[in-house]
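Taking it in order: structure first as structure tokens, then the write-up.
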Amino acid sequence: MKTRHKRMAFILVGLAGLAVAATLVLNALNSNLALYISPTEVLAGNAPKDKTFRLGGMVVEDSLEREDDGLTVHFKVTDSANTIPVVFTGILPDLFEEGQGVVAQGRMRDGVFTATEVLAKHDENYMPKEVAEMMEEGEKLKQQQQTGAPVIQ
Amino acid sequence: MGLKDSIAWYYFSAPKSFYPLAGKLIPWFWGLAIVLTVVGLYMSFFVAPTDYKQGESYRIMFIHVPAAWMSMLIYLVMAIYAIIGLAWKVRLADMMASALAPTGAMFTFLALWTGAFWGKPTWGTYWVWDARLTSELILLFLYIGFISLQSAIDDPRRAAKASGLLAIVGVINLPIIYFSVTWWNTLHQGASVSPTMAPKMASIMLTTMLIMTFAFWMYTIAITLMRVRRIILERERQTTWVMELVSDEKGGRK
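These protein sequence lines are chains A and B, in that order.
So for the first sequence, numbering that gives the first Met the number 0 puts the first residue at 0; every next one is plus one.
So for the second sequence, numbering that gives the first Met the number 0 puts the first residue at 0; every next one is plus one.
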């Protein structure tokens, strides 16, 4: 075996060992590397009891309600299996929307998640407004056809 | 690979013959970089349509995504040069690794910086310690570590060995950055463009982003070749060819 092949083999074996070590460490840290936990995990009791944590999921459609002070909002966060009501006093980010992803920091109080910070999580889709409208119309049309409702044009 | 190719490969791995080749290539890569940047920026601001959800702020993407891609690509190339330098003792490979590092660090910083300014209007925060942002920050530290390690050790061969080892170990971070958004839940959204899926953005937006990526790529090559020429002169200053080159230049000026 030539010296340079030996050095190459040494580097490759070293890298492989490092990869295994990194995988083990990341697996062990798995729950700490997650930014937020889902409503299902919270209801299963996996959320920290006396510490703040981040709750993540989708804002339930038609669940957003504003109080008269104009700042306090109520909405529900779901992971499609379970839903948790959230209350937040403050300014919501621009991209906060019903049916969109959200990550809220706070703690559970009497079954309600009291948030101190609300962040919007947007998806990876980018398109012009016209295309988005066309796709929405197409989706409606498809649903009408599936449910057998008459298509009004 | 034929015998002729392998001879050319060995020929240009010598700093003495690579120095003039790099000098000839630099203007071409600068030209490409400038043309592509002008076209790419024009398309970013005036041709690409407004996004249906994010409005105009999504245009940061045309700098942010190419910068983030380049930050990872440059690191990978740097680590490959480090492996060649360590295993084959090719001096030019060590020099290329050193020449790439500052540009890689610059693009990593650019990705983090533009990301912060994108995060504020969309997510509602400049920074969050999620897996994607944190691993990209670690990449910046790896670049800074590589550069500081090189400047801390005076002997260039020992410096190349130590920093090369750091570069190789740091490669572990690249798959972590890339897959962080699928492995863990993060605030950062998943990939819009990936080799395995159809792109999740309008084709004109994708074209603009790819043009900007090629612009950054050409810039990286141009600036790295300039930097490696300087490094060659510095590290080979004891050799006769550099001394002759310098004395010729001095003579020419008189």
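For each residue, glycine too, the CB sits at the ideal point set by N, CA and C.
{"Check": "Which first and last residues belong to the beta strand (DSSP E) in which A/Thr71 is found?", "Outcome": "71-77"}
{"Check": "Can you pull the DSSP bridge partners for A/Gly55?", "Outcome": "A/Val102"}
{"Check": "Should the segment 155-166 of chain B be called in touch with the segment 86-93 of chain A, which here means at least 3 C-beta pairs below 8 Å?", "Outcome": "no"}
{"Check": "Can you give the Cα-Cα distance for B/Ile222 and B/Leu205, rounded to whole angstroms?", "Outcome": "26 Å"}
{"Check": "What separation, rounded to the nearest whole angstrom, lies between the Cα atoms of A/Val130 and B/Lys199?", "Outcome": "13 Å"}
{"Check": "How about B/Val76 and B/Leu99: are their beta carbons less than 8 Å apart?", "Outcome": "yes"}
{"Check": "Let me know the secondary structure DSSP gives A/Tyr125 once reduced to three states.", "Outcome": "strand"}
{"Check": "Compute the distance between the beta-carbons of B/Thr212 and B/Pro65, then report whether it is under 8 Å.", "Outcome": "yes"}
{"Check": "Between which residues of its own chain and B/Leu24 is the CB-CB distance below 7 Å, once the five residues before and five after are set aside?", "Outcome": "Leu224"}
{"Check": "Give the secondary structure of B/Asp247 by DSSP, where H, G and I count as helix, E and B as strand, and everything else as coil.", "Outcome": "helix"}
{"Check": "Would you be able to state if there are at least three C-beta pairs under 8 Å between the segment 143-157 of chain B and the segment 123-138 of chain A?", "Outcome": "no"}
{"Check": "For a contact meaning CB atoms closer than 9 Å, what does B/Asp93 contact in chain A?", "Outcome": "Neighbours of B/Asp93 on chain A: none; closest Cβ ~14 Å, over 9 Å."}
{"Check": "Tell me the rounded alpha-carbon separation between B/Asp93 and B/Val34.", "Outcome": "31 Å"}
{"Check": "Return the CA-CA distance between B/Tyr10 and B/Trp240, expressed in angstroms with no decimal places.", "Outcome": "15 Å"}
{"Check": "Hey, could you find the ends of the beta strand (DSSP E) A/Thr113 is sitting in?", "Outcome": "111-120"}
{"Check": "By DSSP's criteria, B/Ile33 is part of a beta bridge. Which residues make up the other side?", "Outcome": "The partner list for B/Ile33 (beta bridge, DSSP) is empty, contrary to what the question assumes."}
{"Check": "Residue range of the beta strand (DSSP E) that A/Ile83 falls in?", "Outcome": "82-88"}
{"Check": "For the alpha helix (DSSP H) that B/His187 lies in, which residues bound it at each end?", "Outcome": "First-last for B/His187: undefined, no H or E at that position."}
{"Check": "Is A/Leu118 close to chain B? Criterion is C-beta to C-beta, closer than 8 Å.", "Outcome": "yes"}
{"Check": "What separation, rounded to the nearest whole angstrom, lies between the Cα atoms of B/Thr238 and B/Ser134?", "Outcome": "42 Å"}
{"Check": "Excluding sequence positions up to five away, which residues of its chain have a Cβ less than 7 Å from the Cβ of B/Trp183?", "Outcome": "Ala130"}
{"Check": "Does A/Thr108 come out as helix, strand or coil in the three-state DSSP assignment?", "Outcome": "A small fix is needed here, since residue 108 of chain A is Arg in this sequence, not Thr. Reduced to three states, the DSSP call for A/Arg108 is strand."}
{"Check": "For a test of the three-state rule: what should DSSP assign to A/Gly16, helix, strand or coil?", "Outcome": "helix"}
{"Check": "Run down chain B in chain order and give the residues with a C-beta less than 7 Å from the C-beta of A/Arg65.", "Outcome": "Chain B residues near A/Arg65: none, gap ~17 Å exceeds 7 Å."}
{"Check": "List the residues of chain A whose Cβ lies closer than 9 Å to the Cβ of B/Gly123, in chain order.", "Outcome": "Ile90, Leu91, Pro92, Asp93, Leu94, Phe95, Glu116, Val117, Leu118, Ala119"}
{"Check": "Under 8 Å, Cβ to Cβ, is there at least one residue of chain A near B/Pro39?", "Outcome": "Reading off the sequence shown, one finds Gly at residue 39 of chain B, where the question assumed Pro. No, because no Cβ of chain A sits closer than 8 Å to the Cβ of B/Gly39."}
{"Check": "I'd like to check one pair, B/Thr195 with B/Met42: are the Cβ atoms closer than 8 Å?", "Outcome": "no"}
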